[in-house]
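Under my numbering, the residues of the sequence shown are numbered 1 to 134, in order. Notes follow the structure.
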Amino acid sequence: MSEHPGRILPSPTGLNAELYAFWAQGQLRLQRCTRCRAWRHPPRYRCAACGSAEVSWELASGRGHVFSWTITHRAVDPAFEPPYAIVVVELEEGPRLVGSLAGIENSELRLDLPVVVELEAASDTIRLVTFRRG
Ligand SMILES: [Zn+2]
């Protein structure tokens with residue numbers, strides 16, 4: 001676990017609390033509609049594709065590719081040393097996740113770079129998304 005004093009962490013409630021509970025166990029589970037099978041993220045009460053409230057939490061592959069990113073030069077959170085990248089990755093299943101890099105230099109970022117999701121323990125109950133080379 002990487003402890004950073006003063007690190008800003010989520011305080012999830014509702015559906016987000018369910019999501020973070022799975023992630024705390026190291027399981028990259030996301031919502032999936034049990035009627036039309038569409039993945040949904042971030043968590044929602046109804047499916048954007050068919051409107052159904054029926055849902056299950058299914059394991060995602062964790063494989064994806066870089067969809068977009070931005071480089072931050074002024075840190076809001078002192079736990080992050082600028083310049084650092086905030087990266088959007090599109091998973092094989094379709095949903096996009098936002099996270100930071102692990103073992104990839106900012107200068108190595110490319111569109112469609114294959115990556116895998118790693119859930120980094122930031123506290124006993126919160127794991128955050130990081131991306132490694134896939
Ligand atoms: Zn649906």
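Ideal placement from N, C-alpha and C gives every residue a C-beta, glycine not left out.
Element boundaries [beta strand (DSSP E), containing residue i]
i, result
"TYR84", "84-91"
"LEU30", "29-33"
Proximity below 9 Å, CB of residue i to CB of residue j
i, j, result
"ALA102", "ARG7", "no"
"VAL89", "GLY64", "yes"
"ASN106", "ALA75", "no"
"PRO43", "GLU18", "yes"
"TYR45", "LEU91", "no"
DSSP-derived helix/strand/coil call for residue i
i, result
"GLY62", "coil"
"SER100", "strand"
"SER56", "strand"
"SER135", "The structure shown does not extend to residue 135, since the chain is modelled only from 1 to 134, so the question has no answer here."
"PHE131", "strand"
"GLU18", "helix"
"TYR108", "The amino acid at residue 108 is misidentified as Tyr; the sequence shows Glu. Correct three-state label for GLU108: helix."
"ALA121", "strand"
Any chain B beta carbon closer than 9 Å to residue i
i, result
"GLN25", "Note that chain B does not occur in the displayed structure, where there is just one protein chain."
Taking three-plus beta-carbon pairs below 8 Å as touching, is the stretch 47-61 in contact with the stretch 27-34? Short answer: they touch.
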